[in-house]
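Trainee: First the structure, then my questions, so here it is.
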Amino acid sequence: MKASLKTNGRISASAALQAVTRWYESYNPVDKVKHWLWIIIRAILLIGICFIILYPIITKVSLAFRDKQDMFDSTVVWLPRNFTLDNIKLIFGYLNYTEAVTNTFFLSLTTSVLQLISCALAGYGFARLKFRGSGILFGVVIFTIVVPPQTIMVPTYLHYRFFDVFGLYGLFTGEPGVNLLESFWPFFISSALAMGLKNGLYIFIFRQFFRSLPKDLEEAAYVDGAGILKTFWRVMLPNAVPAIATVMLFSFIWQWNDSYFVNIFAPNTTLLSRMLDLLPGAIRPEYVGGISHTSLYLNTGTLMGILPIFILYLFAQRYFVESVERTGLVG
Amino acid sequence: MAKRRAISLERKKALFGVLFVTPWLLGLILLMAVPFLQSLQFSFSKLTLTPEGYSLKFIGLDNFHHIFFVDAWYVRNLTNAVTTMALNVPLIIFFSLFTATLLSQKFRGRMLARAIIFLPVVLASGVIAKLDSGNFLATLMGAASTDVESNYSGLRSIELEPLLFEAGLSRDIVFYLTGAVDRIYQIISSSGVQILIFLAGLQSISPSLYEAAKIEGATGYEAFWKITFPMISPLILTNVIYSIIDSFYNNSVTQMIQDTAFVNLNFGVSAAMSWVYFLVISIILVISTYLISKRVFYYD
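Chain order of the listed sequences is A and B.
If you're matching positions, the first sequence starts at 1 in the UniProt record's numbering and goes up one per residue.
If you're matching positions, the second sequence starts at 1 in the UniProt record's numbering and goes up one per residue.
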């Protein structure tokens, strides 16, 4: 504000106008009522939306600490009468929680770092290092976003079942390729080659962001004698922190929540999403003594499934929202 | 060294461009192009797994014949998925634009409201959504109905329906609106990314435009329709495309394709199903992009 007042007369005139309008609005009763009415309506709407989002989570928290007998007590609505940690302990065992969380964390972190590297490289290549045919190839990037993963699922599955690049392995050993299923390799390979979960979107985000950075920055680096690699590493990447944060968070979260690829490539590993998938089968009403118990355990399980990512979000949300806004996701 | 200087910066840049794109290009060839063509080939063949890999037998259009004329569920599921998409996408776009407008204003507790509204982006996907929306209770009690399925927020439109009928609205509109209220959680939870995109767009509109409009005597309503709406109309296109792709990412059809391949081990039929699915999505995307992009306003 201070700076804008100094620059020229036009802007300070508009500042004066703003001051007058503010004065007018604060003394005109009709405008005052309108103003407050809008604030109240907006508050009601926002609280309503927030409530709808939080309702299932609050229900789950309430259920998780509830004893079985509270399920049949109609006077218990939110606060459990018989507070207990039994549900959590039981589900902790069913989900093999410690191992599942550690494995999922390792998998998500590694894939998101790999995706970050490959997508940042591709995004920068498409944004700043134009070569013959790069426009068409970028069109192909968009195309990869549109192709549903189901279309290439069966060949991809067979590809990893008999993994063999250009038949080299088969040539030397005579075996029909390595079985990479039931390991994390399919995830790592596809992330490193920028073909993992929603990687087209990440390349798009990086390209948009690198395009929005000023050209002078790059040219200054070249003039100072930096090579292309050095310019990318020392000048462009440090400026791309919002894009990096966005892609990192999205890829981490989506990998964490993914059950589709996990079910295909590694159905027997102890991953959180896989264990949650198996949970309804493990706590069928016949085994645990009734539908209400199943519901109790299932809700507890879901709560524990979202808990790690919820904690992460608590710390990262401010950064997440702000960085996404600045990324130029806008197109 | 002298030889290197001969290469111009442009040429060097192009070389490095290829180098930078190489990982992606390798992935494209190995993990996208090859499987893509293979899947087309599978859809015309019968695939049997053998210890040494798999063998293919060309059977022409039998797989396609199977999914359209023998299988009772595929066409039904596909129609269902398309209808759900067509009903939900306008609501998602409307809701996310509305929420983004609310969130872009300055008020106390804005950060908290944002944090809560973006929570579904983080939580509501994958298994958790499946566990929740599958409504295991209803399924277990054998009373699975679409009404209960997508609505576990405890909100119902019982009062709203007679109210709207009394107001003299037509049947279809009333059911569309009440249906939207019943599915409110589904809609809210699938519009997180769209809200983010709209919010980023709203914040990039220059405030001087609004100031000028205000001096000219425009009301807030006019300012919205004459400034905000045209300025973010390209983002409506982006968001429609994103919502369409997102809605086709995980539904009964994808589940069916997966089951056909990995439960029934019918790889050929599964490939044919996925190809039909892909073509349907592409056609919908092309049509909607064409229709919307004719009306989009570009400001440069």
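The beta carbon of each residue, even a glycine, is placed where N, CA and C say it ideally should be.
With a threshold of 7 Å between beta-carbons, can A:L296 be considered close to chain E, or not?
Mentor: The chain inventory of the structure shown lacks chain E, comprising the protein chains A and B.
Trainee: Sorted by chain position, which residues of the same chain lie with C-beta nearer than 6 Å to A:T110's C-beta, five sequence neighbours on each side aside?
Mentor: There are no such residues.
Trainee: For A:L271, which residues in the same chain have their Cβ closer than 8 Å to its Cβ, ignoring the five residues on either side in sequence?
Mentor: Excluding sequence neighbours, A:L271 sits near A100, N103, T104, L107 and V262.
Trainee: Within the 7 Å Cβ cut-off, does A:T156 reach chain B?
Mentor: Yes, because at least one Cβ of chain B sits closer than 7 Å to the Cβ of A:T156.
Trainee: Taking the alpha-carbon of A:E322 as reference, which of A:N299, A:I283 and A:I244 has the nearest alpha-carbon?
Mentor: Answer by Cα proximity: A:I244.
Trainee: If the cut is a Cβ gap below 8 Å, which residues of chain B does A:V146 touch?
Mentor: Neighbours of A:V146 on chain B, chain order: I245, I281, S282 and L285.
Trainee: Where does B:A2 land, buried or exposed, given buried means 16+ other C-beta within 10 angstroms?
Mentor: Summary for B:A2: the model assigns pLDDT 46, below 50, so the residue's position carries little reliability; its value from the coordinates is reported in the next sentence. So B:A2 counts as exposed.
Trainee: Spell out whether any CB of chain B is found under 7 Å from the CB atom of A:A122.
Mentor: Yes, its Cβ sits closer than 7 Å to a Cβ of chain B.
Trainee: Thinking C-beta only, is A:I136 closer than 7 Å to B:F16?
Mentor: Not closer than 7 Å, so no.
Trainee: Please list, in chain order, all residues of the same chain as A:S259 whose beta carbon is under 8 Å from its beta carbon, the five residues on each side excluded.
Mentor: S273, R274, L276 and D277, listed in sequence order.
Trainee: Considering only C-alpha positions, which residue in the set B:S293, B:F297, B:V280 and B:F262 is nearest to B:L47?
Mentor: Closest option to B:L47, Cα to Cα, is B:F262.
Trainee: Could you list which residues in chain B have their beta carbon closer than 9 Å to that of A:S190, in chain order?
Mentor: The answer, in chain order, is G27 and L31.
Trainee: Which chain A residues are close to B:K12, counting only those with a beta carbon under 8 Å from its beta carbon?
Mentor: Those within 8 Å of B:K12 in chain A are I228.
Trainee: My output table needs one value for B:G17: the three-state DSSP class, helix, strand or coil.
Mentor: It is helical.
Trainee: Is there a C-beta anywhere in chain A that falls below 7 Å from the one on B:V18?
Mentor: Yes - at least one Cβ of chain A is within 7 Å of the one on B:V18.
Trainee: When DSSP labels each residue in this structure, what does A:I118 get in the three-state scheme?
Mentor: A small fix is needed here, since residue 118 of chain A is Ser in this sequence, not Ile. Helix, per DSSP.
Trainee: Which residue from B:L123, B:I215, B:L56 and B:T101 puts its Cα closest to that of A:A16?
Mentor: The candidate whose alpha carbon is nearest that of A:A16 is B:I215.
Trainee: Do B:S288 and B:V240 count as a contact pair if the criterion is CB distance below 7 Å?
Mentor: Against a cut-off of 7 Å, the Cβ pair of B:S288 and B:V240 comes out as a contact.
Trainee: Let me see if you follow: with CB-CB separation under 7 Å, is B:T254 close to chain A or not?
Mentor: Judged by the 7 Å Cβ criterion, B:T254 is in contact with chain A.
Trainee: Let me know the beta strand (DSSP E) ranges lying completely inside the stretch 39-73 of chain B, each 3 residues or longer, listed in chain order.
Mentor: The qualifying runs are 45-50 and 53-58.
Trainee: Closer than 7 Å by beta-carbon distance: list the chain A residues that pair up with B:V122, in chain order.
Mentor: In chain order: I253, I309 and Y313.
Trainee: Quick one: what's B:S295 bridged to in DSSP?
Mentor: The sequence given here places Arg at residue 295 of chain B; Ser does not occur at that position. DSSP lists no partner for B:R295.
Trainee: Please list the residues of the stretch 50-62 of chain A that have a C-beta atom closer than 7 Å to any C-beta atom in chain B, keeping them in chain order.
Mentor: Here the close residues are C50, I52, I53, L54, Y55 and P56.
Trainee: Where does A:F310 sit, in a helix, a strand or coil, going by DSSP?
Mentor: Here A:F310 sits in helix by DSSP.
Trainee: Helix, strand or coil for B:R76 per DSSP?
Mentor: Residue state, collapsed to three classes: helix.
Trainee: Using 7 Å as the limit for Cβ to Cβ distance, is B:I188 near chain A?
Mentor: True, the Cβ-Cβ gap to chain A drops below 7 Å.
Trainee: What is the DSSP secondary structure of residue 349 of chain A, counted as helix, strand or coil?
Mentor: The requested residue 349 of chain A is not part of the displayed model; chain A covers only 1 to 331.
Trainee: Cβ closer than 8 Å: which chain B residues qualify as neighbours of A:K130?
Mentor: Those within 8 Å of A:K130 in chain B are K13, A14 and G17.
Trainee: Using a beta-carbon distance cut-off of less than 8 Å, what residues from the stretch 63-91 of chain B approach chain A?
Mentor: Taking 8 Å as the Cβ-Cβ cut-off against chain A, none of the residues of the stretch 63-91 of chain B qualify.
Trainee: Taking only three categories from DSSP, how would you classify A:V178?
Mentor: Strand.
Trainee: Excluding five sequence neighbours on each side, which residues of the same chain lie with their C-beta closer than 7 Å to the C-beta of B:N151?
Mentor: Because the pLDDT of B:N151 is 42, which lies under 50, any placement of that residue in the model is unreliable, and the number read from its coordinates should be weighed accordingly. These residues qualify, in order along the chain: D182, R183 and Y185.
Trainee: What separation, rounded to the nearest whole angstrom, lies between the Cα atoms of A:L307 and A:S251?
Mentor: Computed Cα separation, rounded: 18 Å.
Trainee: How would you call A:A19, buried or exposed, if buried means at least 16 neighbouring beta carbons within 10 angstroms?
Mentor: Burial call: exposed.
Trainee: Can you tell me whether B:S293 is buried or exposed, with buried defined as 16 or more other CB within 10 angstroms of its CB?
Mentor: Exposed, because fewer than 16 other Cβ atoms sit within 10 Å of the Cβ of B:S293.
Trainee: What did DSSP end up calling A:R234 once you bin it into helix, strand or coil?
Mentor: The answer is helix: DSSP assigns A:R234 an H, G or I state.
Trainee: DSSP state of A:R132, grouped into three classes?
Mentor: Looking at A:R132 - three-state DSSP - the assignment turns out to be coil, as it is neither helix nor strand.
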